[in-house]
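Working notes, beginning with the structure itself.
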Amino acid sequence: MHAYVYKSQRKADTYVYLAERDAFDVLPDPVRAQLGELIFVLDVALTPDRKLAREDVATVREKLRTQKFHLQMPPRLVHDPLTEDWGTDA
């Protein structure tokens, strides 16, 4: 399976995987509006043994098969360095 990856110019660290190149019509209108301009960044073969940096390849393949797109959002912050306990008495 092949995927075409686009980066959102409006939302940092947000990417869209499409089953077909430039097939933006598969994106729901509210999603498309929030992403703003999309810039092509990668053409990739999604084989079952392929590793992706932030996504599970099986999940991406399934979403491309069923809805023709996959939305990769920025990673959630596991901890907030501004509010976590640093172990000081101050």
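Counted from 1, the sequence shown has number 51 at position 51 by our numbering; the numbering is strictly sequential.
In this text, a Cβ means the ideal position worked out from N, Cα and C, and glycines have one as well.
| Query | Result |
| --- | --- |
| L35 - DSSP class collapsed to helix/strand/coil | helix |
| Within the segment 37-61, ranges of the beta strand (DSSP E) (whole runs, at least 3 residues) | 38-45 |
| Q9 - DSSP class collapsed to helix/strand/coil | coil |
| Whole-angstrom C-beta distance between V57 and P48, which should lie under 8 Å | 7 Å |
| DSSP three-state assignment for L27, whether helix, strand or coil | coil |
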